[in-house]
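Enquirer: Here it is: the structure, laid out below.
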Amino acid sequence: MKLNIEQKTTLWSEGGKFCLDLAKLIFGGIILASIMKKDIDTEKLLVFGALITMFLAVCGFFLILMSKDKNKKGK
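According to this note's numbering, numbering within the sequence shown proceeds without interruption in unit steps and concludes at 520.
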């Protein structure tokens, strides 16, 4: 499947938005899980949740920046 510049830009941008949405959902899940205090090790929850949230946020911003860069090259 051959994609043109505009389609690639949209794909990268939407992928970035998706990663940011996942990061927000995981962050909210961490807060809710720590409030409920079930049989969960809170320290591990916060550490792993923060790492995954930061990873997804960085990936999301990277993809969005790459889509902006591809948009400039296409013009």
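Note that beta-carbon positions come from the ideal geometry of N, C-alpha and C, so glycine has one too.
Is it the case that the Cβ atoms of Ala468 and Ala502 are separated by a distance below 8 Å?
Expert: yes
Enquirer: Under three-state DSSP, which class holds Asp484?
Expert: coil
Enquirer: Taking just the CA atoms, how far does Leu448 sit from Lys462?
Expert: 20 Å
Enquirer: For Leu448, does the three-state DSSP call read helix, strand or coil?
Expert: coil
Enquirer: What's the C-alpha gap between Leu508 and Met446?
Expert: 21 Å
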